[in-house]
Every structure is written in C-alpha cells, then in structure tokens.
Amino acid sequence: MGDQIQFIVEKLNQEPFRKNYNLISFDSLESLQLLQLLSDVLGEIDPKHAVDIREELPEQTAKRMLNLLGILKYKPPGGVSDLSAFRQGLVTGSKAVIHPVLHWLLQRTNELKKRAYLARFLVKLEVPAEFLQDDTVADFNKQYEELMEAFKNLHKEHEQLKISGLSTAEIRRDISAMEEEKDQLSKRVERLKKRVETVQNHQRMLEIARQLRLEKEREESLAQQKQEQKSQLFHAEQRLQRAQVQLKEMQHVVADSKPESLMKKLEEEINFNSYLVTEKIPREMESKKTSVYFLQKVVAEPAMTQADLTALESEINEVNAQMNQLIEKRMMKYEPTDSKFSMFRQQASIISRKKEAKAEELQAAKEEMSSLEKQMEQKSSQAHELEGSEVLTEDEFKQYVSKLRSKNTFYKKKRLEIAEITAEYGILQRTEELLRQRHEAIQQQLQATEEKKGISGYSYTQEELERVSAVKSEMDEVKGQTLDNMSEMVKKLNAMVAEKKASLAPVIKELRQLRQNCQELTQECDEKKIQYDSCAAGLETNRSALEQEVKGLLEECAQEESNYHYINCMKRTLEIQLQRAKEEMKAYVSPDPQERRRAVREQYTRIILEQENLGKKLREKQKVVRESHGPNMKQMKMWQDFEQLMECKRECFLKQQNQAAIGQVIQEGGKDRLVL
1 MGDQIQFIVE KLNQEPFRKN YNLISFDSLE SLQLLQLLSD VLGEIDPKHA VDIREELPEQ
61 TAKRMLNLLG ILKYKPPGGV SDLSAFRQGL VTGSKAVIHP VLHWLLQRTN ELKKRAYLAR
121 FLVKLEVPAE FLQDDTVADF NKQYEELMEA FKNLHKEHEQ LKISGLSTAE IRRDISAMEE
181 EKDQLSKRVE RLKKRVETVQ NHQRMLEIAR QLRLEKEREE SLAQQKQEQK SQLFHAEQRL
241 QRAQVQLKEM QHVVADSKPE SLMKKLEEEI NFNSYLVTEK IPREMESKKT SVYFLQKVVA
301 EPAMTQADLT ALESEINEVN AQMNQLIEKR MMKYEPTDSK FSMFRQQASI ISRKKEAKAE
361 ELQAAKEEMS SLEKQMEQKS SQAHELEGSE VLTEDEFKQY VSKLRSKNTF YKKKRLEIAE
421 ITAEYGILQR TEELLRQRHE AIQQQLQATE EKKGISGYSY TQEELERVSA VKSEMDEVKG
481 QTLDNMSEMV KKLNAMVAEK KASLAPVIKE LRQLRQNCQE LTQECDEKKI QYDSCAAGLE
541 TNRSALEQEV KGLLEECAQE ESNYHYINCM KRTLEIQLQR AKEEMKAYVS PDPQERRRAV
601 REQYTRIILE QENLGKKLRE KQKVVRESHG PNMKQMKMWQ DFEQLMECKR ECFLKQQNQA
661 AIGQVIQEGG KDRLVL
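Be aware that the sequence shown starts at 1, since it is given in full-length UniProt numbering, and climbs by one per residue.
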C-alpha cells in the first residue's frame, strides 16, 4: 500500500499535474479533494471530464466517473458482491476505493487516453427497434455503422504508419523531391507539347501513341500470363509423369505377382499380426501390469533404509540358492525320457525366444521404415519449397537424363546451324557494304551530272515530293474517317441524351414527391424524438431513485446478514463454553477419584500447590543465601588477598633467580679473563 501511494504521489508531482504533494499531505486529503483529484486525472485522459465536482450533484459525479471507468475497462477488486461497495465508496470518496483507481489510471495514462479517444467514435449508440422500422432512421443508422467501420480502418492504417517508422521529415523530403520531379516532368511535357503542336494532326498521333502504349502493356501482361501458364503446364506435366511412373510400377508389381504369391504375403502378414495380438502384446501387457502392481506396492510402503535394503538382498540371495538346489535335485531325479522332454522344452524355449526377438526386430524395422518414409516426405516437401519441383525418382531421373542427352544433341545441331548462319550473315554484311559503296558512287555521279545540266537536287526533290504526297493522301483518308466517326458519335450521343431525359422525367417527378414526404417525415421524427427524450429523462430519474432505494435495501440486508452470522458464532462459542462447564461440574461432583483428577479445578489446585511448595523452597534458599552472604564475601576477599600475595612472592622469586644467573655469568667471565 505504501509503494502504491508513493507511486501516485510521484506521478501527480510530474507533468501535467504538478500537485507538489508529499506522502503526508496526500494521505491527509479529504474525500471531496480526493474526488476532485480523481476527476482531474480523468479530465487529463478525456477532456470532457475536466469539471469542478462542486458544480454537479454527487450522483452525477459518480455516474460520470463510473461510465468513463467502464469505457476504460477498469475492473474493481473483489467479486460481484463488492460492486455496490465500490460504487458507494466512489460516491463518498473513500480512500480504499480511490487510491487503487488512481494507481491504475496513472500506470497507463497514454494507453487510456487512446482508449478514451476511440470510445468517442466507437461506442455505439443503441437505437430502439421501433425507431429502426423507419426507413430514414434505418438508413442513417446504416451510414453511422459504415462510418464507424471506415474510422476503424483509418485508425488501423494510421497506427501501422506510426509503427512503420516513417518520420515526418523523411516524408516531407520525399514530397519535396516528388514535387521537383513533377515540375521537371511538367516542363518537359510542355516543351514536348510545343514541339508537337507544329506537326500536323498531332492529336491523332498522340492517340495512336497512347493506344500503342496500352497495347504494349497488355502485351507484357499477356506474356507474363503466358509464362505463368507455361510454368503451371510444366508442373502439371511433371505430376502427370510421376503419376504415370507410379501407375506403371503398380502395374508391373501386379503383373509380376501371382495370386499365390499375394496370398502368401497376406498369410505371412496375418500370421505376424495374429502372433502380435495373441502372444506378444498380451505377454507384454501382463508383464507391464505386474511391474505396475509391484511399483504401486513399493510406493504404498514406507521409505526403506539401507539396512532394510541389505536385508532384502540377503533374503533374495537365499531364495535364489534354494531355487538352484531344488533345480539340481529335480535334474538328478529325472529319467532319460524326462531328459529328452527337457531337451525338447529347451529347444522350444530357444525357438520361442528367437521368434520373439525376430518379431521385435521386424516391428522395429517397420517403425524405422515408417519414420524414414516420413523423413523422405519432409525432405521432398522442403525440396519442393526450395526448388519449386518435387524430388525425382530413379525412373524419372533416367528419363530426365535421356531427355538431356536428346536436348544436347539437338543443341549441338542448332549450334552448327547458328555457326553457318553467322558465316552467311558475315558474307551478306560484306555484300551490303559493297552495294552501299556502289550506291554512294552512283549518287555522286548523278549529282555531278545534275550540276553539269544545271538541275542540282532534282532527284532528292522528286523523292521528297513523292513521299510527301503519299503521306498527304494517307492523312486525308484518316481525316475523312475520323470526321465520319465523330459525326456518328455525336448523333449517338444526342439520341442517348434524349432517351435518358425521357426515361428520367417520371423518376424526377416521383423524386420531388418523395422529397416532400421526406421533409414531413423528418418533422414528425423530430417531434417523436423530443417526446422520446422527455420520456427517457423521466424514466432515467425513476430508475436512479429505484437504484438508490435498492442499494440501501441491499446494504441493510448485508448488515443484517452479518449480524446474524455474528450472533450465530457467539451462540456457538457460548454453547461450547457451557458444555465444558457441564463436563467440569460433572467431573468435580463425580465420586470417582480418577474423574476428579481430570477436572480442571483439581489440575489447577495441584499446580498451585506445586508452585507454592517451590516458592517455599526458593524462599528458604534465599534466606540461607542472605545469612551466609557477609561471611562468604569476607572469605572471598581474603582469598583474593592471598592470591595477590602469592603472585607477588612468585614474581620476587623469579627476579631473584634471574639476578643469580646474571651474577654467575659475570663471575665465569672474570675467571676466563684471569686465565688469559
């Protein structure tokens, strides 16, 4: 709770609230101030709620806050039974209710702002069903729902653009660059238009160029579709080939196999499955059941120590030794016929074990084969995803190699043809150069002859005139065709306009009448709406009054119920105490001494006597200690003095020994000097 209040105070002291609270001042706020603070926080989330609560009734304040908290999807702590207490606490400004709400709001302010903004446009207005029967109201409601869906889509696009990371500066740079490119292109278009306007019939040429561009785009799309169709056809052919190969393999298997071999395979498979079902699986199930039974038995027993384990191991060894002795005795008593039977039994057991081992090997091989088939399918699917085609089988690979060989030979043949064509192209190119040189020489001779005759440029002018006349004749034909087409089109358009006018005349008359009806219906709708609003306001006031009354009755009922439970608990405790008192009285009055000893009074009296005896003993000890305290203290003082005296004597003795040792050393040193 302290961390929660500290978080609330920190958030309220920051922008945009700046309340300058501390823990003490915040905790000392009154209920009205807390409600105003909650209203300010809600007003920061939704500006419509930035109001002064002193200017509105407490019921209106609580209703407004509850509506916004419901839109923000706040879930009060506790169950459904605590909702009434939550509403009451919100009306009265209880700290236990408002503090968690403030903590929840301040934790996710930005998210709640977004939710409140969206709620203004996405909280649907409920229109009564009787009003929706009106066509105009139904149309408006449909338009309202369509606009709501459009707003949802636009908001999603806006959020996606936000997440995409495109900044406004980059977008502005891109827009400015695009505008510059647009200006440059418009200038180029203007220049080209001015250049083209000098050419005759330029509109027709532009139309032809536009059609040419459209046809080229259509040609590209058709080529792309053709390529896609080719790839699909190629994949379909591959699938068909694989299916044919599989069909051939199956036919080959069916053709090679005889009914006897198929029946034999089926019999072997049936025998193997019947062995598994009748012998192997029941035996395994039985062994599993026994192991589970023993494990459950072990689990049910208490935990075993190391000594228990050693005892069990020794017991197991003894039982095994006894079993071996019994087997040896039995083998010694067997006769020769019994020995033959034992040999057959051993052979049968060996065969059965081999059979079980082979069955297990076969089952493991089948499981391995199924796992390998699954891996092969996964690898083929991965290869199909990576390369776009499935993995080829052995026969398909052989066919692919044969196709490659045939294509290789075809490629070599075409390569030789290309070499021949390139050689021929070189010869033709050389021939063209020679002819061009001869043509240029003849042209020069012709120009020289024209200059001699005084008619230079005659041949060139004649060619140009012929070309221009041909172009002019073509243009005249095109102009005639376009004029005819335009006149026909104008006639058709006039006829269509007349038809449309004739067909629309009755519709326009009906539309005028419908507009008048619409105006009348709108007026009637406004009147009905006013009546509905007044009726709804009256019902709302009645509903709020009934809610308050029901709330008071529920609180009273809850209070009475709590009193009832409290009285029941007190009654039960008193009954228990009364029962204990009766038992105590019965035990106290009973002539049996054993029963009397069990009574609480007897127990407490016995404990009191023991404690009194103990107190007497302790008082006697205290008296003895008090009497002997003075002499004991004197004796202790004497012992301390004696200890100090003995310590002083020890130190003196040690000093005397040290001095004697030093004097002896000095005497020995003097003797040595005299000797020297």
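We put the CB at the ideal spot given by N, CA and C, even for glycine.
- From the listed residues L553, L23, Q238 and Q241, the smallest Cα separation to S84 is found for L553.
- Here H439 is exposed: its Cβ has fewer than 16 other Cβ atoms, across all protein chains shown, within 10 Å.
- Per DSSP, reduced to three states, the secondary structure at F17 is coil, with no helix or strand assignment.
- Between L23 and Q6 the beta-carbon gap is near 7 Å, inside 8 Å, which marks them as a contact.
- Taken atom to atom, the span from the alpha-carbon of Q251 to that of L262 is near 14 Å.
- Under the 8 Å Cβ criterion, the stretch 55-66 does not count as touching the stretch 109-124, having fewer than three qualifying pairs.
- F151 is classed as exposed because its beta carbon has fewer than 16 other beta carbons within 10 Å across all chains shown.
- Going by DSSP, T92 is part of the alpha helix (DSSP H) stretching over L83 to T92.
- For I53, the closest of D27, F17, F26 and V91 by C-alpha to C-alpha distance is V91.
- By the C-beta density criterion, Y293 is exposed, having fewer than 16 other C-beta atoms within 10 angstroms.
- Using a 10 angstroms sphere on the CB of G538, the tally of other CB atoms stays under 16, which defines it as exposed.
- Excluding its 5 nearest sequence neighbours in each direction, S287 has no C-beta neighbour in its own chain below 6 Å.
- The closest CA to that of K366, considering only T422, Q443, E269 and R430, is found on E269.
- One alpha carbon belongs to K193, the other to A495, and they sit about 35 Å apart.
- Buried is the label assigned to F86, since at least 16 other Cβ atoms lie within 10 Å of its Cβ.
- Buried is the label assigned to H49, since at least 16 other Cβ atoms lie within 10 Å of its Cβ.
- Here V9 is not near L105, since their CB atoms are 8 Å or more apart.
- Within the model, the alpha-carbon separation for A129 versus V137 is close to 10 Å.
- In the DSSP assignment, P259 falls within the alpha helix (DSSP H) that extends over P259 to Y275.
- Taking the Cα positions, M369 is about 28 Å away from Y400.
- DSSP places P58 inside the alpha helix (DSSP H), whose first and last residues are P58 to I71.
- Contact between R210 and T482 does not hold, since their C-beta atoms are separated by about 15 Å, which reaches or exceeds 8 Å.
- Here DSSP, grouped into helix, strand and coil, assigns N613 to helix.
- Around the C-beta of G93, 16 or more other C-beta atoms lie within 10 Å, and the residue is accordingly described as buried.
- At least 8 Å separates the beta-carbon of H155 from that of L185.
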